[in-house]
Structure formats: C-alpha cells, structure tokens
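One structure is given below, encoded as structure tokens.
2 protein chains.
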Amino acid sequence: MSKNLKEMDVLRQHLAKHQLKLTRQRELILTAFLRQEHVTAETMYHQLAKKDPHLGLATIYRTLNLFCEAGIAQARHFGTQTQYDNISHKGHHDHLICTGCGTIVEFENCEIERLQEEVATKNGFVIQTHRLELYGLCARCRH
Amino acid sequence: MSKNLKEMDVLRQHLAKHQLKLTRQRELILTAFLRQEHVTAETMYHQLAKKDPHLGLATIYRTLNLFCEAGIAQARHFGTQTQYDNISHKGHHDHLICTGCGTIVEFENCEIERLQEEVATKNGFVIQTHRLELYGLCARCRH
DNA sequence: GTTGAAATTGATAAGCCGTCTCAAGATGAT
DNA sequence: ATCATCTTGAGACGGCTTATCAATTTCAAC
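Residue numbers (this note's numbering), protein chains in the order written: chain A, 1 to 143; chain B, 1 to 143.
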C-alpha cells in the first residue's frame, strides 16, 4: 500500500504544479492502473465499469495521458492500439514474439540495457524509454 | 543498380510463389522505396504523385504491406503512423528516436545483436527479425 | 460551510489512419 | 489473341483516440 501512496503523491504534486484537480475518477483510475503492468484504455474501461458504470472512455484516455505527463505511465503503440505501461514495474518490458503461434515471452537483460545507454550517450541522447521486440519461431512452431 | 535488381528478384520470386502479378505500380513503388531508409505511405503518395498522379493511396498501403510479406520491408508503428523500413539497409535497422523533434538516428551494435541471439536461444526461439527503438531527447531538444 | 471561478466529466461528434469494397482495367499462362 | 485471375483507384467504412460543450465537481477564499 505504501507503494500506491508513493504514486499518488507523484500525481498530487503534478496536479498541484499544473493547477489541476484531484478527482474521484483520477484516484479510481490510478488505483486500478497500479495493479497491472500494462493496460489499454479499453480494458480499463471494462474493468472499471463495475465500480463506476458512468465512467466515460474519454476520461480514461485523458487520465492515462495525464499519468504519462506525470511520469507514472508510459504510452506504447502496439499494433493498432496504445498500451499504457506502469513505469514502476521495472524490467520485463522486452518481448520475444513467435511469428508462428503469436506467443509472447517477456524478458529482461541488463547487459542489453547497458549497451543501449552506451549507444544513446554516444549519440548525445538521453533515453526516456525503449522498445525491443525479437520476432522468430518458438521451439514448437519450428516443427 | 545491381542492388535494386536483387530486391526486384526477391519480389518477383515472392509474386511467383503466391500467384501474384508484377504490375507497373509495384515496380514504381519498389524503385522509389529502395531509395530511402524508411517512409510512410503518405510520404510515398506525395513523392509519386509527380510520376503517376493517379496512383492511389490504397495501392501504396497494399504494396508496402506486400513488401513486408516478401521480406523487403518492415512495418513499424511510430506515434500514430506506420513507418515502412527498407530492410536491405543492413546494419542500420535500429533506431534512436528523439521524442522532441522526431529526428531518427540509425545505429548498429553487434554486441546487442549477439545478446539478443543469446536470449532467444535460451528461450528456444530462432530469431527471424527484430526491432529495437530507443526513445529519448537529442542533445538539442534537451534545452 | 458557502460561494464562485476554474477545472473536469460524460456523451457524443469528429478526426485520423489504414483497410475493405467493387467495378473497371491490367497481367500473363495458354 | 484469349480469358481467367489478379490489381487498381476511388471512396466508403471501421477502429482507436481526441475534441466539443453543457452540466457537474473541486477547492481556495471568504
């Protein structure tokens, strides 16, 4: 629970700094968001329909984008949809994707991350986020 | 020119294997495509409007997707649009992307490639292709 | 605790990108 | 040259996201 409080404080500070207000909806969406690694606006819409049937889809989009600006979430385009990643879940953001059956295996490799930083620095960049996807055939699909 | 011939052969083989036909439009689009590292359908549409004012946007989308299936191009979602990358530019298919100004710096890092293979093998995968994008701010946009 | 200016919400319209549809035209095996 | 088949172009369509706007909520100042 202390973890959620931390994120809530980040949000509160961001709101204060930009003259925005803390609403019931924003609290509700943040709490639900922090329970998962990555979501789409649509999935949150369905998840939260039980708790608040009147919560609008537009509000969810607006709020998730707000989280991105506050540095709590990170948007990522996956296929045709936008995934919102929970930044506090470090690691496991890279994907091995089987082109045969569609299986997705998440992995993390510190050495690769380190080399990425190295490349960025060499080019004068400061990395905010990254995306690494390896496409291939899993053991089963190779037969 | 020998390089273009090679890609044209790859396309020809793919077409033959799938009972598809080599059309004037496909040749035109391939030639223009091979001159660049990455394009969007929209930019090609404008570029080619001079050579063939009647070339439709749908045809460009269809053809670029065909190139992906033939292994000549690779689709990548950037922001709200889809970028089609020229795969024949070996060694420069990884990207550093500035979230400020949109600048794209291409790079290659053998060590990262090696580690990717390692991760894949460890998980029973054989890599066919991959995608690595580092998002951040370039030196200029950081001020 | 009231008040009131300013921000937020929900519902829906609008927008954007990419795909689908289909009649007209091009291709290429025979 | 023929003709079955594939392709094209133009616009309609569809999914995802953002914009619009009247009604509501928040919160700082009384």
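Beta carbons: idealized from backbone N, C-alpha and C, even for Gly.
Because the structure is a prediction, the values reported are computed rather than measured.
- DSSP, reduced to helix, strand and coil, places B:Arg-131 within a strand of the structure shown.
- Just so you know, the alpha carbons of B:His-95 and A:Leu-34 end up roughly 30 angstroms apart.
- Closest option to B:Arg-76, judged by alpha-carbon separation, among B:Ala-32, B:His-46, B:Val-39, B:Met-44: B:Val-39.
- Burial is judged here by how many other beta carbons sit within 10 angstroms of a residue's own beta carbon; B:Leu-57 has fewer than 16 and is exposed.
- Listed in chain order, the non-local C-beta contacts of B:Glu-117 below 8 angstroms within the same chain comprise Ile-127, local neighbours out to five positions each way being set aside.
- Nearest to A:Glu-37 by alpha-carbon distance, out of A:Cys-98, A:Ile-87, A:Phe-125, is A:Ile-87.
- Partner residues in the beta bridge of A:Asn-86, as assigned by DSSP, are A:Ala-73.
- Interface with chain A (8 angstroms Cβ-Cβ cutoff): B:Leu-96 is included.
- Against chain A, the CB of B:Ile-127 has a partner CB under 8 angstroms away; the residue lies at that interface.
- Contiguous beta strand (DSSP E) elements confined to the region 104–129 of chain A occur at 104–107, taking only those with 3 or more residues.
- Counting other Cβ atoms within 10 Å of its Cβ, A:Asp-52 stays below 16 and is therefore classed as exposed.
- Put simply, of B:Glu-69, B:Ile-97, B:Ala-41 the residue whose alpha carbon is nearest the alpha carbon of B:Glu-106 is B:Ile-97.
- The C-alpha of B:Leu-11 is placed about 6 angstroms away from the C-alpha of B:Ala-70.
- The Cβ atoms of B:Cys-141 and B:Gly-79 lie no closer than 8 angstroms to each other.
- In the structure shown, B:Leu-22 falls within a coil segment according to DSSP collapsed to helix, strand and coil.
- Between A:Leu-15 and A:Leu-22, the C-beta gap is smaller than 8 angstroms, which places the two residues in contact.
- Closest in alpha carbon position to A:Thr-43, among A:Thr-129, A:Thr-82, A:His-93, is A:Thr-82.
- For the region 106–117 of chain B, the set of residues with a beta-carbon nearer than 7 angstroms to any beta-carbon of chain A comprises Phe-107, Asn-109, Glu-111, Ile-112, Leu-115, Gln-116, in chain order.
- Going by DSSP, B:Leu-96 is part of the beta strand (DSSP E) stretching over 94–98.
- A:Asp-9 counts as exposed, since fewer than 16 other C-beta atoms from the protein chains shown sit within 10 angstroms of its C-beta.
- If you draw a straight line from the Cα of B:Cys-68 to the Cα of A:Ala-41, it is about 29 angstroms long.
- The criterion of a C-beta distance shorter than 8 angstroms is satisfied by B:Ile-60 and B:Ile-29.
- For B:Thr-99, the chain A residues whose Cβ falls inside 7 angstroms of its Cβ are Gln-128, in order along the chain.
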